[in-house]
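Have a look at the structure below before the remarks.
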Amino acid sequence: MRIMHIIDPTTPDESLADVAALVALLPQSDQSVAALGHSSVVTAAVLAGIPPVVISHHRSSASLDVSAWRFIARTAHDFAPTHVQVWGTGSLAALGALAYHPPGGCIATLPTLPPPGLITPITLALRRQPRWLFVGQSRRQTAALAARFGPAHQAVYVPPAIPQPSPVAPSQPPDASALKAMLDISADAGPLILLGGSPGPAFRHDIACWAAAIVQHVLPNATCLIHPSAINDKSHQAAERRLADFIHTSHKPEMFALAPVDMPVESLLPAADAFLFTPDSPAPAGSLLRAMAAAKPIAATNTSANREILRHNHTALLAPPNDPKQIAAALLDLIEPARMSAASPAAPAADATPLPSPQELSANAREHALTYFSAAAMADRYRSVYEQLLHQPQEPVVVLSAPPAVATA
Numbered sequence: 003m004r005i006m007h008i009i010d011p012t013t014p015d016e017s018l019a020d021v022a023a024l025v026a027l028l029p030q031s032d033q034s035v036a037a038l039g040h041s042s043v044v045t046a047a048v049l050a051g052i053p054p055v056v057i058s059h060h061r062s063s064a065s066l067d068v069s070a071w072r073f074i075a076r077t078a079h080d081f082a083p084t085h086v087q088v089w090g091t092g093s094l095a096a097l098g099a100l101a102y103h104p105p106g107g108c109i110a111t112l113p114t115l116p117p118p119g120l121i122t123p124i125t126l127a128l129r130r131q132p133r134w135l136f137v138g139q140s141r142r143q144t145a146a147l148a149a150r151f152g153p154a155h156q157a158v159y160v161p162p163a164i165p166q167p168s169p170v171a172p173s174q175p176p177d178a179s180a181l182k183a184m185l186d187i188s189a190d191a192g193p194l195i196l197l198g199g200s201p202g203p204a205f206r207h208d209i210a211c212w213a214a215a216i217v218q219h220v221l222p223n224a225t226c227l228i229h230p231s232a233i234n235d236k237s238h239q240a241a242e243r244r245l246a247d248f249i250h251t252s253h254k255p256e257m258f259a260l261a262p263v264d265m266p267v268e269s270l271l272p273a274a275d276a277f278l279f280t281p282d283s284p285a286p287a288g289s290l291l292r293a294m295a296a297a298k299p300i301a302a303t304n305t306s307a308n309r310e311i312l313r314h315n316h317t318a319l320l321a322p323p324n325d326p327k328q329i330a331a332a333l334l335d336l337i338e339p340a341r342m343s344a345a346s347p348a349a350p351a352a353d354a355t356p357l358p359s360p361q362e363l364s365a366n367a368r369e370h371a372l373t374y375f376s377a378a379a380m381a382d383r384y385r386s387v388y389e390q391l392l393h394q395p396q397e398p399v400v401v402l403s404a405p406p407a408v409a410t411a
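This is how it looks when you write it as structure tokens:
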């Protein structure tokens with residue numbers, strides 16, 4: 003098998019991490035990465051762990067730019083791939099360059115469903131392909147992809163992988179005490195709550211901070227740590243504004259700390275006493291999987307996408323979305339389990355089986371993540387998809403895979 007990956011500015015960091023894992027776990031000599039767009043695309047790819055030696059670059063990122071099509075066609079001709087895998091909507095239409103000389107299988111990974119303006123040119127560009135096979139990273143997303151592109155196309159579910167450590171992260175991250183010192187947090191401060199998630203409409207970070215503020219009423223020295231990457235995105239200014247407004251009007255804004263922008267999220271996990279993950283709709287789960295692998299106690303919202311990864315009272319405590327009081331109660335049960343009472347939404351009835359301890363929850367979460375969401379497991383699943391495409395006795399197939407954010411369609 004020879005896999006040619008296509009990335010562009012719409013490719014999310016978590017998809018770049020999946021590409022890096024595939025390049026690392028499958029023979030590197032049989033893989034090539036074609037990058038469309040500004041050089042920042044190449045920079046992001048290298049930071050995600052993709053070896054520069056496998057990357058070729060073309061500055062054009064326009065979805066219908068003829069020069070981009072020529073670049074893709076030339077690269078495919080030179081590399082002679084058996085499969086082409088596209089990881090962003092911006093370059094999906096470039097598959098039209100392969101319509102006349104298609105490889106054995108084409109795979110397109112989308113951060114969102116294509117906008118209406120691209121549906122027609124994509125459909126026309128791929129008209130020569132008799133069937134598309136969709137690969138989603140959540141069951142709801144897989145169903146949404148199949149519904150969007152029609153019942154004639156098969157849909158396959160491939161769970162996401164735990165993102166691998168960033169190459170810029172230290173091989174030996176500082177311990178909790180050293181991290182708190184770096185973040186200017188007192189060593190004798192209260193529990194540290196790490197806010198997880200990516201920029202985007204799915205994450206109500208203001209709700210998460212509201213829940214943390216409720217916790218602070220009970221534990222006055224608690225701190226909520228926010229990574230700038232979770233909020234600093236020009237395409238989601240409304241969400242960022244909501245969070246900034248909430249923090250500035252909080253009765254104690256100093257309880258919210260911003261981590262250094264150059265410190266990878268995974269480097270912050272050792273200092274965290276609990277991890278808070280509060281999307282109200284399907285969203286990328288990279289930071290959640292990292293927290294599970296790091297054996298951190300997790301409080302999360304009870305959404306369909308989260309339930310595909312987490313199990314209430316086994317790997318995490320789940321609370322209703324957009325309900326800061328119940329989210330705060332779940333956090334308190336993780337941070338101060340002795341405070342748990344029958345009044346807590348996460349507490350069991352008097353005659354029910356006792357809740358597992360935070361240590362048991364985090365141990366269960368780590369075992370589950372390493373078993374079902376490892377990079378090796380993801381690569382094995384894709385290898386099965388690649389082999390299936392190679393050995394099907396029908397015409398070439400286009401495989402569309404997408405991260406959880408598109409399930410809202």
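Basically my numbering = 1-based index in the sequence shown + 2.
Beta carbons: idealized from backbone N, C-alpha and C, even for Gly.
All figures in this text were calculated on a predicted structure; none of them were measured in a lab.
Taking 8 Å as the upper bound for CB-CB distance, A297 and S364 are in contact here, some 4 Å apart.
Across the structure, V88 and L290 are spaced so that their CA atoms are roughly 25 Å apart.
Here DSSP, grouped into helix, strand and coil, assigns T225 to strand.
I57 is the residue among A295, I57, P323 and C211 whose C-alpha sits nearest the C-alpha of S42. Around the CB of V35, 16 or more other CB atoms lie within 10 Å, so the residue is classed as buried. Fewer than three beta-carbon pairs drawn from the stretch 182-197 and the stretch 307-326 are found closer than 8 Å, and the two stretches are therefore not classed as touching. Less than 8 Å separates the beta-carbon of A50 from that of D15. The distance from the Cβ of T144 to that of A163 is about 16 Å, inconsistent with a contact at the 8 Å cut-off. For H219, the uninterrupted alpha helix (DSSP H) segment begins and ends at H207 to V220. At least 8 Å separates the beta-carbon of P53 from that of M6. Runs of the beta strand (DSSP E) lying entirely within the stretch 30-58 and spanning at least 3 residues, in chain order: 33-38. Under DSSP, V86 forms a beta bridge with M6 and C108.
Under the criterion of beta carbons closer than 8 Å, A301 and P284 do not qualify as touching, at roughly 18 Å. Under the DSSP assignment, F81 falls in the alpha helix (DSSP H) whose first and last residues are V68 to F81. V160 and Y384 do touch by the CB rule: their CB atoms are close to 7 Å apart, below 8 Å. Less than 8 Å divides the Cβ of H229 from the Cβ of L270. About 16 Å separates the beta carbons of T305 and P326, which is beyond the 8 Å limit, so they are not a contact pair. Pairing A19 with G288 gives a Cβ-Cβ distance under 8 Å. Among the bridge pairs identified by DSSP, L278 is matched with L197 and A301. For V25, the secondary structure class from DSSP, reduced to helix, strand or coil, is helix.
Taking the Cβ atoms as the reference, P299 lies roughly 11 Å from F279, outside the contact range of under 8 Å. Nearest Cα to V267 within the set P286, R292 and A259: R292. One thing to note: D10 has its Cβ within 8 Å of the Cβ of G92.
When C-alpha distances from A37 are compared across S17, V55 and H59, the shortest belongs to H59.
DSSP lists L227 as the beta-bridge partner residues of A259. Within its own chain, the residues whose Cβ lies closer than 7 Å to the Cβ of P193, once the five positions on either side in sequence are excluded, are L221, A224, D275, A276 and I337, listed in chain order.
Just measuring C-alpha positions, the residue of F258, S179, K182 and D190 sitting nearest A210 is F258. If you check the CB distance, I195 and L333 come in under 8 Å.
When beta bridges are read from the DSSP output, A321 appears opposite T303. Secondary structure note for A178: its alpha helix (DSSP H) is the uninterrupted segment A178 to M184. A straight-line Cα-Cα distance of about 36 Å links A191 and Y374. DSSP places A285 in the coil class of the three-state scheme, outside both helix and strand. In this structure A273 is in contact with A178, their Cβ atoms being roughly 5 Å apart against a cut-off of 8 Å. For V267, the enclosing alpha helix (DSSP H) starts and ends at V267 to L270.
When the five nearest sequence neighbours on each side are left out, the beta carbons in the same chain lying within less than 7 Å of the beta carbon of V44 are those of A37, I57 and H59, in order along the chain. For A189, there is no enclosing alpha helix (DSSP H), as DSSP gives it neither H nor E.
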